[in-house]
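Everything on this sheet refers to the single structure shown next.
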Amino acid sequence: MDFKKILLVLGLAGFTVMADNWVVSPILPAIAGDLNQDIARAGLLITAYMIPFGLFQLIFGPLADRYGKRQVINLSMLFFSVATALCAVSVGFTDLMIYRALTGIFAASVMPISLALIGDIVPMPNRQSAIGSFMGISFLGQGLSMGIGGSIAYFLNWRGVFAVYAVLAVISTFLLFTTGRNIPSKKNPEAKFLAPYARLLGNGYSLRTYLVVLFEGILIIGSFSYLGSFIQKTFHLNYLYIGLIMTGFGLAAIVGGRLSGKLAQKWGRRSTLLLGLFSAVLADVLMATLSSNLAVVVIGVTLLGLGFIFAHSTLLTIATEFAEQARGAVMSLVAFCFMGGGGIGTAIGGKIIAALGFVSFYGYYAVALVVLFFLALVLVEVNKPVAVMHK
1426 MDFKKILLVL
1436 GLAGFTVMAD
1446 NWVVSPILPA
1456 IAGDLNQDIA
1466 RAGLLITAYM
1476 IPFGLFQLIF
1486 GPLADRYGKR
1496 QVINLSMLFF
1506 SVATALCAVS
1516 VGFTDLMIYR
1526 ALTGIFAASV
1536 MPISLALIGD
1546 IVPMPNRQSA
1556 IGSFMGISFL
1566 GQGLSMGIGG
1576 SIAYFLNWRG
1586 VFAVYAVLAV
1596 ISTFLLFTTG
1606 RNIPSKKNPE
1616 AKFLAPYARL
1626 LGNGYSLRTY
1636 LVVLFEGILI
1646 IGSFSYLGSF
1656 IQKTFHLNYL
1666 YIGLIMTGFG
1676 LAAIVGGRLS
1686 GKLAQKWGRR
1696 STLLLGLFSA
1706 VLADVLMATL
1716 SSNLAVVVIG
1726 VTLLGLGFIF
1736 AHSTLLTIAT
1746 EFAEQARGAV
1756 MSLVAFCFMG
1766 GGGIGTAIGG
1776 KIIAALGFVS
1786 FYGYYAVALV
1796 VLFFLALVLV
1806 EVNKPVAVMH
1816 K
């Protein structure tokens, strides 16, 4: 099957899941008002989604190794579509929380297992470009999510947001079951559930990589999480314009994804990783020093998108070489570290912003990214000749 077609099919699923990941934030006030909840309690909807989203990534990895990656993605997207549709027709706050939790459970499999599947079917010379393209398409959904959600809620209502996302999920699921039915999908009936994680974390080489991924998530996703609020507070724009500005992150990720493989082949993985972290440093420095200039902020958003895709696609490509027969578990642990780090970084960032403001937040995160730059230079080995484990 054509690699480009595979990337488009998987990319649409990733786009849908990552857009859904952030869609509640801009419509939270509307949900709270309609269901007679205060904002603090309504915020539990985000928690109800994120906790199972993080935990079930570790479960779906071994399942995909044992029963087939394509099969797990297909079934997950099917149930994800149903859960999203149920959110649109929920009648109370409690059942909406249950449906969001179900959405988070089934969304958890799509990103890591798609990356593992790409690792299985794309040869190494083309792998980083393929991973970068997939991540770019997926995070375009995240970049657009606030604008999409805010716009739909403005013209329809918050239920319309979930209805539109359910339709998008159905389209993605249909393509996976039809166009994607011939995607090769390995099965390993002897795959274990806990052993791969113990061996990955017990090996110094892979452990150091996972630690860098964790701190990358803390700082880059943490920086991204507050871009919408930062832009709204600084320039008093509506969610439509905020979404358009944040599209720069997703577009930069798509373009950078296509470039990352070429840069890695020309300059090496370490240089590409460090270029990504440097770009993220520069983005946060611009936010902290020249934040009153909208054009500079747009440049900063774009640089953060490039930084993310250069750094993360390199780390993902390195991880695909850890274990061929347990690649689902390998990539699920990457996703768990990255998204878990993002949750930590967002929580820490919220406290810094509440105490000191956005400028200090981006200043501190810029300094921390400089530290991560030098840690990655020391910790990440990019030319390891053998896999961490074989099963």
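Using the working numbering, read the sequence shown as starting at 1426 and increasing by one per residue. By construction, the Cβ of each residue, glycine as well, lies at the ideal position given by its N, Cα and C atoms.
Quick check: the Cα distance between residue i and residue j, rounded to an integer number of angstroms?
i	j	result
F1564	E1641	15 Å
I1573	L1700	31 Å
L1527	S1704	36 Å
G1439	Q1496	16 Å
V1706	F1580	37 Å
S1631	L1802	15 Å
R1525	I1596	20 Å
F1747	L1662	45 Å
L1569	A1444	7 Å
V1710	D1463	35 Å
V1592	D1490	29 Å
G1493	W1447	28 Å
G1585	A1793	40 Å
R1466	N1613	43 Å
L1758	F1478	13 Å
G1517	L1460	6 Å
L1804	Q1567	29 Å
P1550	L1435	20 Å
T1634	V1514	43 Å
I1646	F1735	14 Å
R1694	L1688	8 Å
V1775	G1682	According to the sequence provided, residue 1775 is Gly. The question's Val does not apply to it. Looking at the two C-alpha atoms, the distance is approximately 29 Å.
I1529	L1470	The identity of residue 1529 in the sequence shown is Gly, whereas the question assumes Ile. C-alpha separation (whole angstroms): 11 Å.
A1744	H1737	10 Å
S1685	G1458	44 Å
L1825	I1452	No answer is possible for residue 1825: it lies beyond the span of the chain, which begins at 1426 and ends at 1816.
Under a three-way DSSP split, which group does residue i fall into?
i	result
N1551	helix
Q1567	helix
N1607	helix
E1641	helix
Q1496	helix
T1598	helix
A1444	helix
D1545	helix
F1761	helix
F1580	helix
F1747	coil
H1737	helix
L1669	helix
K1429	helix
G1529	helix
Q1462	coil
P1477	helix
V1449	helix
Y1651	coil
P1537	helix
L1715	coil
F1674	helix
G1517	coil
P1406	The chain is shown only over 1426 to 1816; residue 1406 falls outside these bounds and no answer can be derived.
A1801	helix
G1693	coil
G1766	helix
G1782	coil
Closest to residue i by CA distance: which of the options is it?
i	options	result
L1542	L1639, V1792 and A1555	A1555
V1723	M1522, V1442 and F1649	F1649
V1796	L1702, D1545 and Q1482	L1702
I1608	I1431, A1793 and A1791	I1431
N1628	G1561, V1755 and I1734	V1755
T1509	T1598, L1688 and L1758	T1598
A1791	F1763, V1759 and A1713	A1713
A1588	F1559, V1507 and D1545	V1507
S1576	A1455, V1442 and K1658	A1455
Y1474	F1799, V1805, G1768 and L1804	G1768
P1487	V1442, I1538, D1520 and L1437	I1538
T1441	I1562, I1471 and M1522	I1562
L1698	L1741, Q1657, K1658 and L1719	L1741
S1717	I1670, T1771, D1520 and K1658	K1658
F1485	F1761, G1725, I1778 and L1437	F1761
I1476	L1625, F1531 and A1457	F1531
Y1789	F1763, A1708 and Q1690	A1708
V1535	F1504, P1548 and D1520	F1504
L1483	A1772, G1765 and L1511	G1765
A1720	M1671, Y1622, R1624 and G1544	M1671
*At a cut of 8 Å, does the stretch 1671-1691 reach the stretch 1728-1743 through at least three beta carbon pairs?*
With a cut-off of 8 Å on Cβ pairs, the stretch 1671-1691 is in contact with the stretch 1728-1743, counting three or more such pairs.
_Three or more C-beta pairs below 8 Å linking the stretch 1623-1643 and the stretch 1778-1787_ = Not touching, per the Cβ criterion.
*Taking three-plus beta-carbon pairs below 8 Å as touching, is the stretch 1600-1607 in contact with the stretch 1746-1761?*
no
_Using 8 Å as the cut-off, can you tell me whether the stretch 1497-1509 makes contact with the stretch 1613-1620, which would need three or more C-beta pairs spanning the two stretches below that distance?_
In this structure the stretch 1497-1509 does not touch the stretch 1613-1620; the number of beta carbon pairs closer than 8 Å is below three.
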